[in-house]
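Line by line, the protein sequences are chains A and B.
115 is the number of the first residue of the first sequence in our numbering; add one for each residue after it.
115 is the number of the first residue of the second sequence in our numbering; add one for each residue after it.
2 protein chains.
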Amino acid sequence: MLNFSYRNPVKVIFGSGSCAQITKEVPSGSRVLITYGGGSIKRNGTFDEVKAALSNHEVFEFGGIEPNPSVETLLQALNVIKQEQINYILAVGGGSVIDGSKFLAAIALEENDPIEVLRTRGRSIRRALPLGVVVTLAATGSETNSAAVVTELSTHTKTGFFSPHIYPQFAVMDPTKTLTLPTRQVSNGVVDAFVHVMEQYLTYPVNGKIQDRFAEGILLTLIEDGPKALSEPDNIEVRANLMWAASQALNGLIGAGVPQDWATHMLGHELTALHGIDHAQTLAIVLPAMMEDQRVTKREKLLQYAERVWQIQDGSDDKRIDSAIELTRAFFEQLGVPTHLSAYGVGPEHIDALVAQLEAHGMVKLGERQAVTPDVSRRIYEACL
Amino acid sequence: MLNFSYRNPVKVIFGSGSCAQITKEVPSGSRVLITYGGGSIKRNGTFDEVKAALSNHEVFEFGGIEPNPSVETLLQALNVIKQEQINYILAVGGGSVIDGSKFLAAIALEENDPIEVLRTRGRSIRRALPLGVVVTLAATGSETNSAAVVTELSTHTKTGFFSPHIYPQFAVMDPTKTLTLPTRQVSNGVVDAFVHVMEQYLTYPVNGKIQDRFAEGILLTLIEDGPKALSEPDNIEVRANLMWAASQALNGLIGAGVPQDWATHMLGHELTALHGIDHAQTLAIVLPAMMEDQRVTKREKLLQYAERVWQIQDGSDDKRIDSAIELTRAFFEQLGVPTHLSAYGVGPEHIDALVAQLEAHGMVKLGERQAVTPDVSRRIYEACL
Numbered sequence: 115m116l117n118f119s120y121r122n123p124v125k126v127i128f129g130s131g132s133c134a135q136i137t138k139e140v141p142s143g144s145r146v147l148i149t150y151g152g153g154s155i156k157r158n159g160t161f162d163e164v165k166a167a168l169s170n171h172e173v174f175e176f177g178g179i180e181p182n183p184s185v186e187t188l189l190q191a192l193n194v195i196k197q198e199q200i201n202y203i204l205a206v207g208g209g210s211v212i213d214g215s216k217f218l219a220a221i222a223l224e225e226n227d228p229i230e231v232l233r234t235r236g237r238s239i240r241r242a243l244p245l246g247v248v249v250t251l252a253a254t255g256s257e258t259n260s261a262a263v264v265t266e267l268s269t270h271t272k273t274g275f276f277s278p279h280i281y282p283q284f285a286v287m288d289p290t291k292t293l294t295l296p297t298r299q300v301s302n303g304v305v306d307a308f309v310h311v312m313e314q315y316l317t318y319p320v321n322g323k324i325q326d327r328f329a330e331g332i333l334l335t336l337i338e339d340g341p342k343a344l345s346e347p348d349n350i351e352v353r354a355n356l357m358w359a360a361s362q363a364l365n366g367l368i369g370a371g372v373p374q375d376w377a378t379h380m381l382g383h384e385l386t387a388l389h390g391i392d393h394a395q396t397l398a399i400v401l402p403a404m405m406e407d408q409r410v411t412k413r414e415k416l417l418q419y420a421e422r423v424w425q426i427q428d429g430s431d432d433k434r435i436d437s438a439i440e441l442t443r444a445f446f447e448q449l450g451v452p453t454h455l456s457a458y459g460v461g462p463e464h465i466d467a468l469v470a471q472l473e474a475h476g477m478v479k480l481g482e483r484q485a486v487t488p489d490v491s492r493r494i495y496e497a498c499l
Numbered sequence: 115m116l117n118f119s120y121r122n123p124v125k126v127i128f129g130s131g132s133c134a135q136i137t138k139e140v141p142s143g144s145r146v147l148i149t150y151g152g153g154s155i156k157r158n159g160t161f162d163e164v165k166a167a168l169s170n171h172e173v174f175e176f177g178g179i180e181p182n183p184s185v186e187t188l189l190q191a192l193n194v195i196k197q198e199q200i201n202y203i204l205a206v207g208g209g210s211v212i213d214g215s216k217f218l219a220a221i222a223l224e225e226n227d228p229i230e231v232l233r234t235r236g237r238s239i240r241r242a243l244p245l246g247v248v249v250t251l252a253a254t255g256s257e258t259n260s261a262a263v264v265t266e267l268s269t270h271t272k273t274g275f276f277s278p279h280i281y282p283q284f285a286v287m288d289p290t291k292t293l294t295l296p297t298r299q300v301s302n303g304v305v306d307a308f309v310h311v312m313e314q315y316l317t318y319p320v321n322g323k324i325q326d327r328f329a330e331g332i333l334l335t336l337i338e339d340g341p342k343a344l345s346e347p348d349n350i351e352v353r354a355n356l357m358w359a360a361s362q363a364l365n366g367l368i369g370a371g372v373p374q375d376w377a378t379h380m381l382g383h384e385l386t387a388l389h390g391i392d393h394a395q396t397l398a399i400v401l402p403a404m405m406e407d408q409r410v411t412k413r414e415k416l417l418q419y420a421e422r423v424w425q426i427q428d429g430s431d432d433k434r435i436d437s438a439i440e441l442t443r444a445f446f447e448q449l450g451v452p453t454h455l456s457a458y459g460v461g462p463e464h465i466d467a468l469v470a471q472l473e474a475h476g477m478v479k480l481g482e483r484q485a486v487t488p489d490v491s492r493r494i495y496e497a498c499l
């Protein structure tokens with residue numbers, strides 16, 4: 115196990131009806147900006163429920179935060195924060211709304227210049243506005259971590275940043291809120307959480323037994339309950355397990371003390387930025403090709419993954435690895451998420467530009483061994499076709 | 115899954131050499147009381163290492179906190195705190211030193227009357243002195259939770275209490291610190307962590323898949339690496355896994371959203387209080403008898419435990435449960451911890467007094483279904499003989 119430091123101060127409030135507890139969590143008298151996305155929370159009653167819990171507060175709202183939240187949109191929200199002297203942000207939505215609100219919480223304070231926050235990947239953040247979260251989608255785990263990704267539309271650039279100051283103070287996790295989601299978002303969420311685990315698990319062994327077993331436990335849960343969320347859309351126990359799984363997948367716990375990869379995410383980001391493919395879809399495309407390409411450097415963990423996650427016992431090492439990669443791809447496809455670029459209309463003629471964007475963003479030595487150079491990335495994009 | 119609320123703010127600083135980081139964690143200029151137990155930290159260099167990290171602080175010390183820390187001893191430490199105007203406590207040791215220091219952190223403030231803290235089981239605590247921890251033994255998980263148990267010698271009473279104010283601010287977890295422990299403490303630590311998991315796992319199913327898989331992952335790690343700590347006493351990777359396992363076993367995570375038992379602990383506490391048997395030894399004695407006695411109420415989870423933790427596939431339900439209980443007992447015995455009262459010189463003539471103590475302490479409806487009445491407890495003690 116590697117040395118590590120870990121602290122996660124987010125208060126999780128989990129279960130049906132937990133929105134009502136917002137009342138106690140946001141200091142009374144606060145000037146609260148409720149941030150949200152496309153407006154589904156207004157149609158399904160969540161907005162009213164949140165507002166009812168904030169009857170002792172001054173409430174303002176900013177909607178329209180898009181998937182892959184843009185800096186351009188968030189700067190509009192910043193104007194509202196300044197005009198209305200907002201001192202608390204309450205994000206109601208999925209990962210995009212939460213990530214965008216983290217950026218807002220940071221740049222709401224004059225000392226944190228937006229460009230500087232991105233350039234330093236969050237290291238320049240010394241404090242931020244307090245942030246609470248109501249999760250409506252089990253996917254990114256952003257509700258219980260200190261990371262966020264925002265997009266600059268002008269340059270097609272997705273930038274991740276990190277700061278202990280952007281941890282939400284609380285995360286209300288009511289699985290009933292995910293019952294009205296469109297199928298595509300449910301599937302994407304399962305894939306997203308699955309690949310988050312893989313980025314922290316499928317590297318090289320350091321004998322981190324707890325981290326490995328926890329990671330495998332999350333994968334097994336997603337494999338069991340992901341498809342059930344589609345076949346039994348009203349099963350609230352399934353939604354609860356997926357919501358808790360997605361949070362544990364990326365709250366820092368399973369990644370503490372072990373090597374991490376994240377090359378799949380970096381290759382995926384360029385696909386979203388240039389072609390508008392959903393984040394989770396890009397992960398479903400890149401991961402199987404990455405596993406195949408890096409099967410030598412990831413050999414020991416691939417064999418462990420084959421045995422413990424897919425119960426593959428028979429055949430040579432290579433055969434078992436083949437099967438594990440095939441089953442991973444089949445799992446994504448079973449969820450209705452295509453795993454080849456051709457399904458999204460991206461052909462070989464686009465690969466030069468994708469690799470050039472990786473280089474422009476400094477993504478030239480990716481992965482847990484820095485083995486994913488631009489040449490390797492090109493090979494992987496080609497295998498994604 | 116049951117509704118729950120969970121927050122764990124402890125900063126974990128894990129790995130070899132991490133003691134040096136204390137310097138940054140304790141505010142400079144603090145008047146620090148280093149608390150410790152029997153003095154092994156003075157012989158093995160840990161005390162000097164801690165002191166070196168506190169060169170910008172006023173350092174005082176209080177040693178001699180005994181296993182099952184007594185209120186009587188801790189009131190002596192309270193005098194030091196008052197005399198020296200201590201404003202930070204640094205506990206260096208295992209669960210007893212940490213638990214005792216949590217009690218101290220609470221009662222150091224005049225508003226928290228010691229008797230009231232125990233009577234209310236911690237609910238009366240409104241604030242506490244800040245507390246840091248250096249763990250020297252993987253066992254109780256106290257380093258990353260908000261609970262403690264102290265003993266009143268005068269009445270043979272062990273009382274547990276809880277408060278969010280007694281969470282340590284940080285926990286330095288350096289597995290090399292456990293290399294010099296006596297075998298008995300290593301074994302006890304493994305048993306202690308194992309039974310902590312079982313108290314939160316072996317109840318009735320609520321479809322908490324993440325909680326179950328995490329619990330099983332900790333149990334599997336303890337089964338793999340517990341005996342290795344004895345057979346390969348210099349294996350630092352084994353010590354690291356045990357240390358992280360023990361913390362995860364009782365930091366609240368695997369118990370959030372699921373029913374909990376704790377009857378084994380309650381029956382064990384009376385054995386320690388009346389007969390001075392080590393805490394972990396009492397758990398090794400009571401748990402197998404509890405599993406056997408409650409095999410009907412715990413049937414579904416016993417079958418899951420048999421399959422996932424011990425890989426028992428064959429035979430009738432009852433046969434598989436029998437095997438799982440036998441393997442659990444054998445695991446404790448393999449670690450050198452006897453599982454029958456006879457090995458500790460306690461005979462049938464002592465059972466009346468044990469049951470009377472349970473009743474005197476209000477422990478009359480124990481377990482996740484409140485099914486462990488004094489009659490059931492008597493039956494279980496008898497099965498422990």
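All residues carry an ideal CB built from backbone N, CA and C; glycine is no exception.
No experiment lies behind these values; they were computed from the predicted model shown.
Where do the ends of the alpha helix (DSSP H) carrying residue i lie?
| i | result |
| --- | --- |
| T273(B) | That residue, T273(B), is in no alpha helix (DSSP H); its beta strand (DSSP E) goes T271 to F276. |
| L188(B) | V185 to Q197 |
| I229(B) | P228 to R233 |
How close, in whole Å, do the beta carbons of residue i and residue j come, if the pair is a contact with beta carbons under 8 Å?
| i | j | result |
| --- | --- | --- |
| G331(B) | I324(A) | 6 Å |
| S210(A) | I179(A) | 6 Å |
| L192(B) | I221(B) | 6 Å |
| F328(B) | L388(B) | Incorrect: roughly 35 Å between the Cβ atoms, too far for contact. |
| I465(A) | V400(A) | Not really, about 13 Å apart at Cβ, beyond 8 Å. |
| M404(B) | L416(B) | Not a contact, Cβ separation roughly 11 Å. |
To the nearest angstrom, report how far apart residue i and residue j are at their CA atoms.
| i | j | result |
| --- | --- | --- |
| V263(A) | T137(B) | 33 Å |
| V501(A) | A205(A) | Residue 501(A) is absent from the structure shown; chain A starts at 115 and stops at 499. |
| V286(B) | G246(B) | 8 Å |
| K196(B) | G274(A) | 49 Å |
| E482(A) | Q374(A) | 5 Å |
| D227(A) | F174(A) | 23 Å |
| R443(A) | L364(A) | 21 Å |
| Y281(B) | E224(B) | 19 Å |
| V185(B) | S361(B) | 25 Å |
| V140(A) | D489(B) | 48 Å |
| E384(A) | V352(B) | 41 Å |
| T149(A) | S119(B) | 23 Å |
| Y315(A) | N122(B) | 24 Å |
| S301(A) | F308(A) | 11 Å |
Use the C-beta contact count for residue i: other C-beta atoms within 10 angstroms, 16 or more gives buried, fewer gives exposed.
| i | result |
| --- | --- |
| R233(B) | exposed |
| T261(A) | Note that residue 261(A) corresponds to Ala in the displayed sequence, not to Thr. Its Cβ being crowded by 16 or more others within 10 Å, A261(A) is buried. |
| V410(A) | exposed |
| T269(A) | exposed |
| A470(A) | exposed |
| G459(A) | exposed |
| G159(A) | exposed |
| G429(A) | exposed |
| Q425(A) | exposed |
| P289(A) | buried |
Give the range of the beta strand (DSSP E) segment to which residue i is assigned.
| i | result |
| --- | --- |
| I203(B) | Y202 to G207 |
| N122(A) | F118 to F128 |
| V264(B) | A261 to E266 |
| A285(B) | F284 to M287 |
Would you mind working out which of the options sits nearest residue i, comparing C-alpha positions?
| i | options | result |
| --- | --- | --- |
| L381(B) | G207(B), G129(B) and A394(B) | A394(B) |
| D306(A) | A370(A), V372(A) and H379(A) | H379(A) |
| N117(B) | Y120(A), S119(A), Q135(A) and R121(A) | Q135(A) |
| F161(B) | Q199(B), K291(B) and A252(B) | K291(B) |
| E198(B) | S144(B), L251(B) and L388(B) | S144(B) |
| R237(A) | F308(A), Q484(A), V320(A) and P278(A) | P278(A) |
| V304(A) | P462(A), Q427(A), A343(A) and K272(A) | A343(A) |
| Y202(A) | N182(A), L243(A) and L168(A) | L243(A) |
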